[in-house]
Amino acid sequence: MKIGYEFAPLVKDEITHTQLVRYAGASGDFNPIHTVVPIAEEAGLGGVIAHGLLIMGFIGQAIDQWFAVEDLAKFSARFKVMTRPGEKITVQGYIVDETENRWICKAEAVNEAGEVKVQAKFEVFKK
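Just so we're aligned: 1259 in the numbering used here is position 70 of the sequence shown, and the numbers increase by one with no gaps anywhere.
Structure below.
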């Protein structure tokens, strides 16, 4: 691998309201803006929004497909734009730099319109 190398993208199915309810139960995050449409609308969101950590988890799933988990040295993420039911998310990643013993990488979760939902930086040990 070399700088600029692009990993195989991870393409997720369309996000559903049911998925958000299930994620709320699994994560313990029962904030109603993620599951109750009238409350999310009352909050000015125009409907429910996906949990940011769900979308970040998609990036984690992609990294797990690209590298062995024990090789992950660093990970950070930034939330950029809300995600809504009906959107399809693709995680893209690539190598941006390297040190003697690590690959320095970036990944992003984007919808079909190209909106970046979450950006991540991560480092993995070279083998």
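Cβ atoms here follow ideal geometry from the backbone N, Cα and C, with glycine treated the same way. Computed from a predicted structure; not experimentally measured.
Query, Result
"Based on DSSP bridge pairs, tell me the residues matched to Q1281.", "E1297"
"Are there three or more Cβ pairs, one per stretch, closer than 8 Å when the stretch 1235 to 1249 is compared with the stretch 1262 to 1271?", "yes"
"Taking V1299 as the reference, which of T1279, H1206, G1235 and I1238 has the closest Cα?", "T1279"
"Apart from the five residues on each side of it in sequence, which residues of its chain come closer than 7 Å, Cβ to Cβ, to E1287?", "I1192 and I1293"
"Look at the alpha carbon of E1312 and the alpha carbon of D1218, and state the distance between them as a whole number of angstroms.", "28 Å"
"Among all the DSSP beta bridges, which residues are the ones paired with D1286?", "I1293"
"Would E1203 and E1297 be called neighbours here (beta carbons separated by less than 8 Å)?", "no"
"Going by beta-carbon coordinates alone, are I1228 and I1238 separated by less than 8 Å?", "no"
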